[in-house]
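Engineer: My questions will all concern the structure given below.
Protein chains: 2
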Amino acid sequence: MSSERENGRALCSSPINRNPYGHGNTVSDFLSNVSRFKIIESTLREGEQFANAFFDTQKKIEIARALDEFGVDYIELTNPCASDQSRLDCEAICKLRLKAKILTHIRCHMDDARIAVATGVDGVDVMIGTSSLMRQHSHGKDIEYIKKTAIEVINFVKSHGIEVRFSTEDSFRSDLVDLLSIYSAVDQVGVHRVGVADTIGCASPRQVYELIRVLRGVVSCDIETHFHDDAGCAIANAYCALEAGATHIDTSVLGIGERNGITPLGGPDGADGRHASRINIPFNNYITGLCAFTHKAGIHAKAILNDPSTYEIINPTDFGMARYVHFASRLTGWNAIRSRAQQLNISMTEKQYKECTAKIKALADIRPIAMDDADSIIRTYYRNIQSGEDNPLMDLNADEIVPFAAKKKEPREVPSA
Amino acid sequence: MSSERENGRALCSSPINRNPYGHGNTVSDFLSNVSRFKIIESTLREGEQFANAFFDTQKKIEIARALDEFGVDYIELTNPCASDQSRLDCEAICKLRLKAKILTHIRCHMDDARIAVATGVDGVDVMIGTSSLMRQHSHGKDIEYIKKTAIEVINFVKSHGIEVRFSTEDSFRSDLVDLLSIYSAVDQVGVHRVGVADTIGCASPRQVYELIRVLRGVVSCDIETHFHDDAGCAIANAYCALEAGATHIDTSVLGIGERNGITPLGGPDGADGRHASRINIPFNNYITGLCAFTHKAGIHAKAILNDPSTYEIINPTDFGMARYVHFASRLTGWNAIRSRAQQLNISMTEKQYKECTAKIKALADIRPIAMDDADSIIRTYYRNIQSGEDNPLMDLNADEIVPFAAKKKEPREVPSA
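And the structure:
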């Protein structure tokens, strides 16, 4: 974190700032785990369920090593019962002896559990659907059967001296009394974690907060959460779950998973998983997206040049990214053009920067312009001043000459919120 | 909404389902505007601030007409002071006489206001930064100056008989007492809407809920909200703002805007704005993304084939999209293969479907397979049964023959949560 950013933060939390909801809040929330949680990285389980994903053994090992190096706490793998190769890959990854603990994800059934514990994993993630829809259309079992089977599987996995998690599926459409009854029962037999899963992506942030807060009072074990992104709330829901006391968050690289996926890991672009899934990084991806640190409107650029904290909550250099102040558009302002001119070792008066900016905006009103176009205008404008000549600022085509000449005014910078 | 979906919903809200947080909740929340809010569509203002965006007059008109047809309540345009063409385009769009009201977005300054009201817009959105960072690095004004200028600009715009909104910028890093004092002052002079803007994308859903809920008790006018997506919470924050009583939400097509943008409009893919911005729809986009309705893991496919409500909260056909059950992977299950065989007019016994599924999974363990590969295996397997022959199910290359032959086991379906 750069010192300029720290100064920005300090400014925010000064006694003059009386914002109880904002940054610099000094009241501790003892329930919140926002700054102390563990990541269960599921690119090699949930991510394999992404439509385009095909991970062969070598690719899985590459991804596991990259996630381990990144520092995730757990790596979750596809059910070894899914296919012959899935089991062999699970065994191979366990043999890598990574720092991260290796988990596999199975149905709540003794057949799956027996195969899972034989692979060498550090823990088993058990799950079963509990909503009436899932019970009717997925496995057809009732709550008492679920509870009984869960306890049998948990005791079996624990008897092998490894971790066990029990998760309901479709938790947010399940009956609350059913959920608490099952979670309480598995907590009492010593499950290491219970899992809450928004399998269909229907939960809202405040629903998540309320359910996890209630659950936090019911079980003494850790609480893992898993959020699908169908309604665009997977990140926010994970954050609210941590605020309410969840201890573990499931992620995948770029969020890949069933349908449009889950809470993304963030940070590095996870090139291995991305290439193996044949997808592009979304233009608007957090941190690593095309324009995540590009500032365009005039007043944004002005403030960013004064202090990046004005329009950035994350320092791009912390993630190997670079800030970019866009100066080649009709929305640009003279502060951005002055900054660019100074990068080009050109110094002018304020009046000259403003006039030069007006020329750039006039061209940008006619057609999209590139950095090179703006640089060319700045350089020619400056040479004209130095030489007293009046060379054309740009090579314009026949369609552009008349409208460009017609533009005489000097517009002001554009605002934005 | 299809009847099968309604049946699914009805099942969820039956008296047996005692989930106070989930769907089918019958307790009304009188504060919430989640099912009654207005959209201020800002593709032609915030969206123009997206790094890649260049909208000429014709493209702006196309986008405005498409948004109007979609049914947005307001269309917000770039400040007419930004450039000569920005003003001319604003005037041209006002002359279209669309059903949507036309707004323009200006700085809190009389110079901007005079130009804005002359364009023919139905309303003016006024904004100014109020956080200490913005006041220091953007405009250098104090709170009393902001309040005085805001009232002057609001009275001026109202005197022209059009709507006026006053928004703070960087609201979530502003002093709460400052904010409430300014909002209360502008409410008392009859502003139509106040705006709350998370300009830098730092707000969390529960912060949003708390601030809007407090503000709802302070002002009597409408409340507009604007959320940037730097931390991935723009959709969730808009939802929580509506829950707390906000009345208006700012959006743009695909969420384009400064940096990585704002709350997306959703619905149609907004091809006009997308092409003019030279971007691809993100693979994981809500509703219109590549795989938003693709189901891959065996138990997902099984339940989806029984009842789509099990793993879908939105009916794809409501948006002109199609559901797709992926059946050509190692994670597939026999229910998906049976469904596919039936589409191919092939009927077999359960045992035969399961054996055929095992063959497909075995091939998918060796390499990525296409729909055609899976179909070919299903058809050849079926022909072999009919003819009593033992033709090879697939044309395998030299590297594939040995591992494929080695796979004899019949794995079970893969679970998922």
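Protein sequence lines correspond, in order, to chains E and P. When you line the first sequence up against the UniProt record's numbering, it's residues 1 to 417, in that order. When you line the second sequence up against the UniProt record's numbering, it's residues 1 to 417, in that order. Even for Gly, the Cβ is constructed at its ideal location relative to N, Cα and C. No experiment lies behind these values; they were computed from the predicted model shown.
Listing by chain order, which chain E residues have their CB less than 7 Å from the CB of P/R330?
Structural biologist: A82, S83, Q85, S86
Engineer: So for P/H227, helix, strand or coil by DSSP?
Structural biologist: Checking the displayed sequence, the identity of residue 227 of chain P turns out to be Phe instead of His. Strand, per DSSP.
Engineer: Should P/S220 go down as buried or exposed, given a rule of 16 or more other Cβ atoms within 10 Å for buried?
Structural biologist: exposed
Engineer: When the cut-off is 8 Å and only beta carbons count, does E/Q343 lie next to chain P?
Structural biologist: no
Engineer: Quick one, are the C-beta atoms of E/E243 and E/R193 less than 8 Å apart?
Structural biologist: no
Engineer: According to DSSP, P/A197 sits in a beta bridge with which residue or residues?
Structural biologist: P/H226
Engineer: Just mark P/D318 as buried or exposed, buried being the case when its beta carbon has 16 or more other beta carbons within 10 Å.
Structural biologist: By the 10 Å Cβ count, P/D318 comes out exposed.
Engineer: Here's the rule: buried if 16 or more other CB atoms are within 10 angstroms of the residue's CB, otherwise exposed. What is P/A405?
Structural biologist: exposed
Engineer: Can you tell me which of the three DSSP states E/V186 falls into?
Structural biologist: helix
Engineer: Beta-carbon separation of E/P264 and E/A236 under 8 Å?
Structural biologist: For the 8 Å CB-CB criterion, E/P264 and E/A236 do not form a contact.
Engineer: Strictly below 7 Å CB to CB, what residues from chain P border E/Q49?
Structural biologist: In chain order: K296, A297, L331, S416.
Engineer: Whose C-beta lies closer than 8 Å to the C-beta of P/D111 among residues of the same chain, with five residues either side of it excluded?
Structural biologist: Closer than 8 Å at the Cβ level, and outside the excluded window around P/D111, lie C81.
Engineer: Beta carbon of P/D125, beta carbon of P/S167: below 8 Å?
Structural biologist: yes
Engineer: Under 8 Å: do the stretch 339-349 of chain P and the stretch 377-386 of chain P share three or more Cβ pairs, one atom per stretch?
Structural biologist: Yes, they touch.
Engineer: At a Cβ cut of 9 Å, what residues of the stretch 297-318 of chain P count as close to chain E, listed as they run along the chain?
Structural biologist: A297, G298, I299, H300, K302, A303, I304, L305, N306, D307, S309, T310, Y311, E312, I313, I314
Engineer: Anything in chain P within Cβ reach of E/F293, meaning under 7 Å, just list it in chain order.
Structural biologist: R259
Engineer: Which value, in whole angstroms, describes the spacing of the CA atoms of P/E62 and E/R135?
Structural biologist: Separation of P/E62 and E/R135 (C-alpha to C-alpha, rounded to the nearest whole angstrom) is 48 Å.
Engineer: Consult DSSP for P/V126 and reduce its assignment to one of helix, strand or coil.
Structural biologist: strand
Engineer: At the 8 Å Cβ level, is P/H137 part of the contact set with chain E, yes or no?
Structural biologist: P/H137 counts as touching chain E.
Engineer: Quick check on the burial criterion: 16 or more other C-beta atoms within 10 angstroms. Buried or exposed for P/M127?
Structural biologist: Burial of P/M127 is indicated by the presence of at least 16 other C-beta atoms within 10 angstroms of its C-beta.
Engineer: Give the residues of chain P in contact with residue 420 of chain E, contact being defined as C-beta atoms less than 7 Å apart.
Structural biologist: Residue 420 of chain E is absent from the structure shown; chain E starts at 1 and stops at 417.
Engineer: For the putative contact between E/V325 and E/S339, defined by C-beta atoms under 8 Å, what is the C-beta separation to the nearest angstrom?
Structural biologist: Contact between E/V325 and E/S339 holds: their C-beta atoms lie close to 6 Å from each other, under 8 Å.
Engineer: Mind pulling the chain E residues with CB within less than 7 Å of P/Y209?
Structural biologist: R206
Engineer: Could you check if P/N260 is buried or exposed, using at least 16 other CB atoms within 10 Å of its CB as the buried criterion?
Structural biologist: buried
Engineer: Taking the alpha-carbon of E/G232 as reference, which of E/L254, E/Y209, E/C202, E/I212 has the nearest alpha-carbon?
Structural biologist: Looking at the Cα atoms, E/C202 is the closest of the given residues.
Engineer: At what residue ranges does the stretch 46-122 of chain P contain a whole run of the alpha helix (DSSP H), taking only runs of 4 or more?
Structural biologist: Runs found: 57-70, 84-94, 110-117.
Engineer: Flag P/A100 as yes when its Cβ comes closer than 7 Å to any non-hydrogen atom of the ligand GDP, and as no otherwise.
Structural biologist: Ligands are entirely absent from the displayed structure, and the ligand GDP is therefore not among its contents.
Engineer: Just how far apart, CA to CA, sit E/P403 and E/I366?
Structural biologist: 7 Å
Engineer: Which value, in whole angstroms, describes the spacing of the CA atoms of E/T119 and E/I162?
Structural biologist: The straight-line gap from Cα to Cα measures roughly 12 Å.
Engineer: At what residues does the beta strand (DSSP E) containing E/I378 begin and finish?
Structural biologist: Looking at the DSSP string, E/I378 is not in any beta strand (DSSP E); the run it does join, the alpha helix (DSSP H), is 371-387.
Engineer: Can you give me the Cβ contacts of P/R323 inside the same chain, cut-off strictly under 6 Å, excluding the 5 residues immediately before and after it?
Structural biologist: F293, P316
Engineer: Just the C-alpha distance for E/D175 and E/K141, rounded to the nearest angstrom, thanks.
Structural biologist: The alpha-carbon atoms of E/D175 and E/K141 are separated by roughly 15 Å.
Engineer: With a cut-off of 8 Å, does the C-beta of P/I235 fall near any C-beta of chain E?
Structural biologist: yes
Engineer: Taking 8 Å as the threshold (beta carbon to beta carbon), is P/N335 in contact with chain E?
Structural biologist: no
Engineer: I want to verify the contact list: residues of chain E whose CB lies under 7 Å from the CB of P/G201, in sequence order.
Structural biologist: I313
Engineer: Spell out whether any CB of chain P is found under 8 Å from the CB atom of E/I75.
Structural biologist: no
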